[in-house]
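K.L.:
For the sequence shown, position 95 (counting from the first letter as 1) is numbered 95 according to the numbering used here, and the numbering increases by one without interruption.
Please read through the structure below; I'll follow up with questions.
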Amino acid sequence: PAELSWKTGVDVLCFGGTKNGMAVGEAILFFNRDLAIDFEYRCKQAGQLASKMRFLSAPWVGLLDNGAWLKYADHANRCARLLAELIGELPGVELMFPVQANGVFVSLPPAAL
1 PAELSWKTGV DVLCFGGTKN GMAVGEAILF FNRDLAIDFE YRCKQAGQLA SKMRFLSAPW
61 VGLLDNGAWL KYADHANRCA RLLAELIGEL PGVELMFPVQ ANGVFVSLPP AAL
């Protein structure tokens with residue numbers, strides 16, 4: 001959403017495909033076009049141009065066209081809150097930070113490691 005990206009001054013955003021249920025792929029969004037100069041060339045020089053790029057690009061259409069990425073993100077965030085709630089009840093397990101997205105960070109007792 002715009003309120004969390006370009007409207008707040010973000011210049012470049014890495015939109016993770018694997019974090020949204022895709023097998024591979026990242027979408028790099030340049031809100032500041034000056035920063036995108038030569039980006040394609042640099043990717044190619046770094047070996048980041050797949051010979052069958054269309055197969056990596058096609059899933060993005062389905063993910064973005066119907067809002068599936070928002071549905072998946074909401075599900076991941078709800079699962080993280082549930083995990084934090086359930087794991088926080090275990091003896092010796094301490095939540096290190098409040099759950100704000102889809103990540104849960106815990107401190108486990110030595111016996112659990």
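Quick reminder that beta carbons are idealized off the backbone N, C-alpha and C, glycines included.
#1: Roughly how many angstroms lie between the CA atoms of L49 and L29, to the nearest whole one?
#2: Quick check on this structure: which residue in C79, L113 and P59 has the alpha carbon closest to the alpha carbon of G16?
#3: Leaving out five residues on either side along the sequence, give the residues of the same chain with a beta carbon under 6 Å from the beta carbon of A73.
#4: Could you pull the start and end residues of the beta strand (DSSP E) that E26 belongs to?
#5: Below 8 Å between beta carbons: does that hold for V99 and I87?
#6: Rounding to the nearest angstrom, what Cα-Cα distance links A80 and G92 in this structure?
#7: On the DSSP bridge assignment, give the partners of C14 in chain order.
#8: Within the continuous alpha helix (DSSP H) that includes G62, where are the two ends?
#9: Count the other C-beta atoms from every protein chain shown that fall within 10 angstroms of the C-beta of L63, then say buried if there are 16 or more, exposed otherwise.
P.N.:
Answer, in terms of the structure:
#1: Approximately 17 Å, taken between the alpha carbons.
#2: Selection C79, L113 and P59 evaluated against G16 yields P59 as nearest (Cα-Cα).
#3: Excluding residues within five positions, none has a Cβ falling inside 6 Å.
#4: Per DSSP, the continuous beta strand (DSSP E) segment holding E26 begins and ends at E26 to F30.
#5: Against a cut-off of 8 Å, the Cβ pair of I87 and V99 comes out as no contact.
#6: If you draw a straight line from the Cα of A80 to the Cα of G92, it is about 19 Å long.
#7: Per DSSP, I28.
#8: G62 -> alpha helix (DSSP H) spans M53 to D65.
#9: A buried status is given to L63, since no fewer than 16 other beta-carbon atoms sit within 10 Å of its beta-carbon.
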